[in-house]
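Participant: Numbering (our numbering), first residue to last: 756 to 1186. A virtual CB, placed ideally from N, CA and C, is assigned to each residue, including glycine. A quick note: this is a predicted structure, and the numbers were derived from the prediction, not measured.
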């Protein structure tokens, strides 16, 4: 049995790396790139030398602040197809020891996901969302060179012009708009030599094909929906919905009408269940202890007068149901969180649902909305947004949330010290 030091594959890899390093030193000294390199690598090194890229010091730039970057990423043409990329590439990346990156047409990385350990290592070379990995910024790399050539590319180890990237290998392919042919961005997998295995290029290319097919379908659906919307708008003006405000410590309101606590509970439950609720079910959700449908009917009669004063159609019965949909602020937050618009969701989340209410259905709804928002923040929120969420009063002693925040903060973030101090206060308070 051979010892690891005598493995022919390891020896060949070291020999290749040594040859590439010598070739790079010769190329920098003479300005002539050796013909022994693969043509795709040789041409890329020549562009790097002409661009005066320093192979020891070149690092990608990050030219957008967090808010501007999040807004730009959310509006990018590849944002709607990220579920496809995650299903085909990211879901298996953790087990395979790979990082999956998606960038725009200029080489700016928009999403970097996959193996958490490798992602932390990749942060040392700024292989992070928002960083510019174009050829003009860092020299030869699969994402930058694929964009430069507008075709799939594999770059192994020391074939990278930038020496900080030598421990890594990568495979990338460009993505095009199926309607116009315009270059939209690039999909890349980065990691060990597994990232340049023969099947890696097939996997990335298949993902690109699936993404472009999804974009083609989305373009068709958008065109159809736009036609339908224009037709409906010409036919019937859409009525505006009355706002039902129940989040936070403010007094609940229906439009301009201030609601009693009980009426707010009933309207909130009916707005949350637009298909309606039977009398016994609604009574069980509103009243603690032994619910009485008779008491509920009396309250419903008073609520009908409130709705009439607010200009709303009367409640329907059997089951109880709103005459028309209300704009429930809690439902808006749930929808935004489900769409991944977490910054907007947090802006609209004024606090828990009817925080003073002890109605069983409201308590359940309050916990459900808070749990949904918390899970979405933990899964996909930017560090600054997760920090803002953690600093809200209801999360000040959520140790798990603060620990998750510490994990996603960049290693050099000035906020890490205050987060560590807050975690220590939480642990001290819980002793």
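Could you tell me whether the segment 1171-1181 touches the segment 1155-1163, where touching means 3 or more Cβ pairs closer than 8 Å?
Facilitator: yes
Participant: Take every Cβ of the segment 919-928, pair it with every Cβ of the segment 827-841, and state whether three or more of those distances are shorter than 8 Å.
Facilitator: no
Participant: Would residue 947 pass as a contact of residue 897 if the rule is Cβ separation under 9 Å?
Facilitator: Residue mapping note: residue 947 aligns to position 192 of the chain shown, counting from 1. Residue mapping note: residue 897 aligns to position 142 of the chain shown, counting from 1. Result no, Cβ atoms of residue 947 and residue 897 do not sit closer than 9 Å.
Participant: Curious, which full-length beta strand (DSSP E) runs of at least 3 residues does the segment 930-969 contain?
Facilitator: 938-946
Participant: Grouping DSSP H, G and I as helix and E and B as strand, with all else coil, what is residue 755?
Facilitator: Outside the shown range of the chain, which is 756 to 1186, sits residue 755, and nothing can be said about it.
Participant: In three-state DSSP terms, what is residue 928?
Facilitator: Taking the first residue of the chain shown as 1, we reach residue 928 at position 173. Three-state result, residue 928: strand.
Participant: For residue 998, write down the residues that DSSP places opposite it in a beta bridge.
Facilitator: Residue 998 sits at position 243 when you count from the first residue of the chain shown. Under the DSSP definition of a beta bridge, residue 998 partners with 1082.
Participant: Considering only residues of the same chain and omitting the five flanking positions on each side of residue 1059, which have a CB-CB separation below 7 Å?
Facilitator: Within the chain shown, numbered from 1, the residue matching residue 1059 stands at position 304. Hits under 7 Å: 1069 and 1070.
Participant: What residue range does the beta strand (DSSP E) around residue 1210 cover?
Facilitator: This structure gives no information on residue 1210, because the portion of the chain shown stretches from 756 to 1186.
Participant: Pick helix, strand or coil for residue 886, following the three-state DSSP scheme.
Facilitator: Numbered from its first residue, the chain shown carries residue 886 at position 131. Strand.
Participant: Between the alpha carbons of residue 784 and residue 804, how many angstroms are there, rounded?
Facilitator: Locating residue 784 in the chain shown gives position 29, counting from the first residue. Locating residue 804 in the chain shown gives position 49, counting from the first residue. One C-alpha to the other measures close to 10 Å.
Participant: On the DSSP bridge assignment, give the partners of residue 868 in chain order.
Facilitator: Taking the chain shown and counting its residues from 1, the one referred to as residue 868 is at position 113. For residue 868, which the question treats as bridged, DSSP gives the partners 855.
Participant: List, from N- to C-terminal side, the alpha helix (DSSP H) runs of 4 residues or more that fit wholly inside the segment 778-837.
Facilitator: 794-805 and 821-829
Participant: Could you please give the first and the last residue of the uninterrupted alpha helix (DSSP H) stretch that includes residue 845?
Facilitator: Residue mapping note: residue 845 aligns to position 90 of the chain shown, counting from 1. Per DSSP, residue 845 belongs to no alpha helix (DSSP H) and is neither H nor E.
Participant: Checking the sheet assignment: what are the DSSP bridge partners for residue 1035?
Facilitator: If you number the chain shown from 1, residue 1035 lands on position 280. Its beta-bridge partners do not exist; DSSP assigns none.
Participant: Tell me whether the beta-carbon of residue 1103 lies closer than 9 Å to the beta-carbon of residue 1120.
Facilitator: Your numbering for residue 1103 matches position 348 in the chain shown. Your numbering for residue 1120 matches position 365 in the chain shown. No, the pair does not count as a contact, with Cβ atoms beyond the cut-off.
Participant: Nearest CA to the CA of residue 969: which residue from 826, 932 and 956?
Facilitator: Here residue 969 refers to the residue found at position 214 of the chain shown. Relative to residue 969, the option among 826, 932 and 956 whose CA is nearest is 932.
Participant: In this structure, how does DSSP classify residue 772 when only helix, strand and coil are distinguished?
Facilitator: Within the chain shown, residue 772 is the residue found at index 17, counting from 1. The answer is helix: DSSP assigns residue 772 an H, G or I state.
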